[in-house]
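Some notes on the structure that comes next.
There are 2 protein chains.
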Amino acid sequence: MDNAEALEIERTRLRLTCRHLTGVGPQNPADEFAAIAAWLRDNGPHGEGDGFEPGIQPDSYGCGSLVEDFEAEVAALFAMPAARFMPSGCMAQPIALRIWSDRVGNRVTAFHPTSHLELHEQHGYRELHGLTAHLLGDATRPTGVADIAALIGPGGAAQATGIASVLIELPAREIGGQLPTWDELVALSTFCRARGIRLHLDGARVWQAAPAYRRSLAEIAALFDSVYVSFYKDVGALPGAMLLGPQDFVDEAAIWQRRQGGTLYTAMGNIVSARLRLPPCLERMPQLVERARQVAALFAMQPGAAIVPDPPQTSMFHLWLPGEAEPWLAARDRVARATGIWLFGALKPLDGERAVRAELSMGPASLALDDGELAAAIALLFDPT
Amino acid sequence: MDNAEALEIERTRLRLTCRHLTGVGPQNPADEFAAIAAWLRDNGPHGEGDGFEPGIQPDSYGCGSLVEDFEAEVAALFAMPAARFMPSGCMAQPIALRIWSDRVGNRVTAFHPTSHLELHEQHGYRELHGLTAHLLGDATRPTGVADIAALIGPGGAAQATGIASVLIELPAREIGGQLPTWDELVALSTFCRARGIRLHLDGARVWQAAPAYRRSLAEIAALFDSVYVSFYKDVGALPGAMLLGPQDFVDEAAIWQRRQGGTLYTAMGNIVSARLRLPPCLERMPQLVERARQVAALFAMQPGAAIVPDPPQTSMFHLWLPGEAEPWLAARDRVARATGIWLFGALKPLDGERAVRAELSMGPASLALDDGELAAAIALLFDPT
Numbered sequence: 558m559d560n561a562e563a564l565e566i567e568r569t570r571l572r573l574t575c576r577h578l579t580g581v582g583p584q585n586p587a588d589e590f591a592a593i594a595a596w597l598r599d600n601g602p603h604g605e606g607d608g609f610e611p612g613i614q615p616d617s618y619g620c621g622s623l624v625e626d627f628e629a630e631v632a633a634l635f636a637m638p639a640a641r642f643m644p645s646g647c648m649a650q651p652i653a654l655r656i657w658s659d660r661v662g663n664r665v666t667a668f669h670p671t672s673h674l675e676l677h678e679q680h681g682y683r684e685l686h687g688l689t690a691h692l693l694g695d696a697t698r699p700t701g702v703a704d705i706a707a708l709i710g711p712g713g714a715a716q717a718t719g720i721a722s723v724l725i726e727l728p729a730r731e732i733g734g735q736l737p738t739w740d741e742l743v744a745l746s747t748f749c750r751a752r753g754i755r756l757h758l759d760g761a762r763v764w765q766a767a768p769a770y771r772r773s774l775a776e777i778a779a780l781f782d783s784v785y786v787s788f789y790k791d792v793g794a795l796p797g798a799m800l801l802g803p804q805d806f807v808d809e810a811a812i813w814q815r816r817q818g819g820t821l822y823t824a825m826g827n828i829v830s831a832r833l834r835l836p837p838c839l840e841r842m843p844q845l846v847e848r849a850r851q852v853a854a855l856f857a858m859q860p861g862a863a864i865v866p867d868p869p870q871t872s873m874f875h876l877w878l879p880g881e882a883e884p885w886l887a888a889r890d891r892v893a894r895a896t897g898i899w900l901f902g903a904l905k906p907l908d909g910e911r912a913v914r915a916e917l918s919m920g921p922a923s924l925a926l927d928d929g930e931l932a933a934a935i936a937l938l939f940d941p942t
Numbered sequence: 558m559d560n561a562e563a564l565e566i567e568r569t570r571l572r573l574t575c576r577h578l579t580g581v582g583p584q585n586p587a588d589e590f591a592a593i594a595a596w597l598r599d600n601g602p603h604g605e606g607d608g609f610e611p612g613i614q615p616d617s618y619g620c621g622s623l624v625e626d627f628e629a630e631v632a633a634l635f636a637m638p639a640a641r642f643m644p645s646g647c648m649a650q651p652i653a654l655r656i657w658s659d660r661v662g663n664r665v666t667a668f669h670p671t672s673h674l675e676l677h678e679q680h681g682y683r684e685l686h687g688l689t690a691h692l693l694g695d696a697t698r699p700t701g702v703a704d705i706a707a708l709i710g711p712g713g714a715a716q717a718t719g720i721a722s723v724l725i726e727l728p729a730r731e732i733g734g735q736l737p738t739w740d741e742l743v744a745l746s747t748f749c750r751a752r753g754i755r756l757h758l759d760g761a762r763v764w765q766a767a768p769a770y771r772r773s774l775a776e777i778a779a780l781f782d783s784v785y786v787s788f789y790k791d792v793g794a795l796p797g798a799m800l801l802g803p804q805d806f807v808d809e810a811a812i813w814q815r816r817q818g819g820t821l822y823t824a825m826g827n828i829v830s831a832r833l834r835l836p837p838c839l840e841r842m843p844q845l846v847e848r849a850r851q852v853a854a855l856f857a858m859q860p861g862a863a864i865v866p867d868p869p870q871t872s873m874f875h876l877w878l879p880g881e882a883e884p885w886l887a888a889r890d891r892v893a894r895a896t897g898i899w900l901f902g903a904l905k906p907l908d909g910e911r912a913v914r915a916e917l918s919m920g921p922a923s924l925a926l927d928d929g930e931l932a933a934a935i936a937l938l939f940d941p942t
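Chains as they are written, first to last, in my numbering: chain A, 558 to 942; chain B, 558 to 942.
Below, the structure is given as structure tokens:
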């Protein structure tokens, strides 16, 4: 075993055995499958002869009460007419934009320069669906109504300038979970509706936006024509997503889901996992938004550290650290060994700066650390000795 | 509860509590997840301090030893250079044909009229990938070299006539699991290779083809440029598929998989399920091919019953029954109540005939019934009194 390999194993050990500042903390993946097994046993067929109850059967190619009841539940949460469970957001979102494009015979959409569709999906929206995208405004701040207006020109109607839809991510993950102000968001929605531009919500982490805005998920969704949500990010379930919108939109989305290979014989494990984990996620989210501000304040006191945005708007933020990644990773390991607290995972270099960033997203683990021990761990991270 | 609902519950009870003639028999889905949990617990991280072993970590976006070791194992089984785990065949196969098309700048492919791509995928190959397909030959028999030759014309090169690839399903599910003869298959491969036509194997049930041909999976795959296999059909695992071929082909397929939304944060449950269930499937398959012939012979003795193909070539066959579906379903229920044996599930009307068909695919459950009790159950099915 060489040094690099030994370091990797040591880091895995620390990551899996320390208490975490972020997320759900280290999990044994076996536990999730044991929980799914227990739920299926409790809710499946039972009884014999005339006392037989069929219980909940596995979903079959997207049908059956196991998935349909959950779709109805999430649709109700967002006050949207219909919803469809899908394997991933990478599948759901280009489908949404494609449908809105097809409705007006116009393949042009628009989104933030750091949108997941632009950065992390191998441009499926373009290569599979033939869509083209305008990147809206400054990459370091949320999209505003002015960014869309600039694209269209004064007084222009959407159709005339060729834009079928706009996708807005709330909160915007790549810029530390920033949100536009509520008034700005309402103005953006009003602007788009007046011009027939369909507005789609990239709600991968929208669970955070509701307490941040002090608005319900339904109030947020009311500003949009369609919504995507994820169940593995803040929720902490196995992979899964949902696409919400009008019934005819969702029916069409189900056809594209089949075409993309996402209508599976069964997705019962993923569905049960999401059903089990969504309610506690919704319950803890207000606390997590508060926790992000508390944790950020502890880091902000350290020389050289920067918080983006400062203060955090949601339950996540970015911590910027000066210099290269490796010394900070070594410092993180030192803190973990000394305190049993794991502060962050990967660090990403920042374009054009001699600095790196960590994404700190609060979860159940963040609530279990008290401020005293956390402050001591953070002080040690910045202690050069 | 109305009569239709009561009948539905009664049928569910019979289906879930009887011994089955086909497939794996009734399963409590909780058991599969409990098995996955146990495997993850046994193979995950263990030990403490210096004795810590990281064990197998969950896959992450298609990477990590959990999935890569399994890909290497299946690639070796087929003697193909590389393999990629994917959520479904609906995702894998259009991707394969798209890649072969892109290599020659020609979007035309060809397959059997009953191909899954034509009947059950909402034409994703066309709507997403812009491919067009020739349907090859007579829908009631396997594709032969003459069907491809007819398309191309005498002496024509593929490029001249515009065909980039051919997809062959072995065995062909919609026609009762028929196979071309081995010599015919070799001729077909030779014909395509001589003309630069890429040959793709739809191997959803290819596990059956090896014992049927008395050839190894590697000998079959050697006739093709790329191969798709499924892990939930004969194998009986959770949904999952693999696409096999040259390394550069598989690398390109991984990009398309991402574009289609099939590269998940983790697919560990599906991967573990497939890893657990593939070896016993390979072991029992020769017996199942033999069992199909035995079972078919018992049905063939009954007046009005027809076996397609007769005798079966693989571990599946179709049973054709005269008249409408409902009287046969009622007879099936009567047999289930009287004997505790569930003979078949859905019946499908046959185009242009006053008849219906059942798909009988042998599995572990089929091996557990003895011929005497099965013969009695079948006699009862055909007994009008």
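Glycine included, every Cβ here is placed at the ideal spot set by N, Cα and C.
Here the structure is a predicted model, which means the values were calculated and not measured.
Checklist entry - Would A:L780 be called buried (16 or more neighbouring beta carbons within 10 Å of its own) or exposed? => result buried
Checklist entry - Out of A:E610, A:I566, A:L578, A:D559, which has the shortest C-alpha to C-alpha gap to B:T574? => result Nearest to B:T574 by alpha-carbon distance, out of A:E610, A:I566, A:L578, A:D559, is A:E610.
Next on the checklist: In the DSSP output, which residue or residues are listed as bridge partners for A:T689?
Outcome noted: A:V665
Next on the checklist: Rounded to the nearest angstrom, what separates B:R570 and B:G920 at their Cα positions?
Outcome noted: 21 angstroms
Checklist entry - Are the Cβ atoms of A:M873 and A:L917 separated by less than 8 angstroms? => result yes
Checklist entry - Around the Cβ of A:H673, are there at least 16 other Cβ atoms within 10 angstroms (buried) or fewer (exposed)? => result buried
Checklist entry - Is the beta carbon of A:R816 sitting closer than 8 angstroms to the one on B:Q679? => result yes
Next on the checklist: From the DSSP secondary-structure annotation, give me the bridge partner or partners of B:K790.
Outcome noted: For B:K790, DSSP assigns no beta-bridge partner whatsoever.
Checklist entry - Hey, A:S658 and A:L688: beta-carbon distance below 8 angstroms or not? => result yes
Next on the checklist: Whole angstroms are fine: how far does the CA of A:R576 sit from the CA of A:W899?
Outcome noted: 6 angstroms
Checklist entry - Using DSSP with H/G/I as helix, E/B as strand and the rest coil, what is A:R752? => result coil
Item to check | Under 7 angstroms (Cβ pairs) to chain B, residues found in the region 824-845 of chain A | outcome: So the close ones are M825, G826.
Checklist entry - When the cut-off is 8 angstroms and only beta carbons count, does A:Q859 lie next to chain B? => result no
Next on the checklist: Quick check on A:A895 - is its C-beta less than 8 angstroms from some C-beta in chain B?
Outcome noted: no
Checklist entry - Using a C-beta to C-beta distance shorter than 8 angstroms, which residues of chain B count as neighbours of A:R598? => result N585, A587
Checklist entry - Between B:L724 and B:P651, what straight-line distance do the alpha-carbon atoms span, to the nearest angstrom? => result When rounded, the distance between both Cα atoms is 10 angstroms.
Checklist entry - Is A:E910 helix, strand or coil by DSSP? => result DSSP places A:E910 in coil when its eight states are reduced to three.
Next on the checklist: Can you list, in chain order, the residues of its chain with a C-beta nearer than 6 angstroms to that of A:P768? Leave out the 5 residues immediately preceding and following it.
Outcome noted: M842, P843, V846
Checklist entry - Apart from the five residues just before and just after A:G681, which ones in its own chain have a Cβ nearer than 8 angstroms to its Cβ? => result Excluding sequence neighbours, A:G681 sits near C647, P651, L674.
Item to check | Residue ranges of each beta strand (DSSP E) within the region 880-927 of chain B, 3 or longer | outcome: Taking only runs of at least 3 residues, the beta strand (DSSP E) segments lying wholly in the region 880-927 of chain B are 912-918.
Checklist entry - Between A:V852 and A:L578, which are expected to be in contact by the criterion C-beta below 8 angstroms, what is the C-beta distance as a whole number of angstroms? => result The pair is a contact, with the Cβ atoms about 7 angstroms apart (cut-off 8 angstroms).
Item to check | Element boundaries [alpha helix (DSSP H), containing A:G826] | outcome: 825-857
Checklist entry - If you draw a straight line from the C-alpha of A:S617 to the C-alpha of A:A854, how long is it? => result Using only the alpha carbons, I get a separation of about 49 angstroms.
Checklist entry - Of all the residues that make up the region 674-693 of chain A, which are near chain B by a beta-carbon distance shorter than 8 angstroms? => result E678, Q679, H680, G681, E684, L685, H686
Item to check | CB contact below 8 angstroms: A:A794 versus chain B | outcome: no
Checklist entry - Which residues in the same chain have their Cβ closer than 8 angstroms to the Cβ of B:L904, if we skip the five residues on either side of it in sequence? => result L878, A882, W885, L886, V913, R914, A915
Item to check | Complete runs of the alpha helix (DSSP H) confined to the region 589-670 of chain B [at least 4 residues] | outcome: Whole alpha helix (DSSP H) segments, 4+ residues: 622-634, 646-661.
Checklist entry - Which of the three DSSP states, helix, strand or coil, is assigned to B:H673? => result helix
Next on the checklist: Helix, strand or coil for A:Y822? Go by DSSP, reduced to three states.
Outcome noted: Three-state result, A:Y822: coil.
Checklist entry - Sorry if obvious, but does the Cβ on A:A915 come closer than 7 angstroms to a heavy atom of the ligand SAM? => result With respect to the ligand SAM, the structure offers nothing, as it holds no ligand at all.
Next on the checklist: For a cutoff of 8 angstroms on Cβ pairs, would you count A:I656 as touching chain B?
Outcome noted: no
Checklist entry - Ordered along the chain, which non-local residues of its own chain (more than five positions away) have a Cβ less than 8 angstroms from that of A:T697? => result Spatial neighbours of A:T697 in its own chain (CB-CB distance under 8 angstroms, excluding positions within 5 residues in sequence) are listed in chain order as I732.
Checklist entry - What is the DSSP secondary structure of A:L564, reduced to helix, strand or coil? => result helix
Item to check | Cα-Cα separation between B:G861 and B:G701, rounded to whole angstroms | outcome: 30 angstroms
Item to check | Top-ranked residue by Cα proximity to A:M643, from A:T747, A:G818, A:P602, A:K790 | outcome: A:G818
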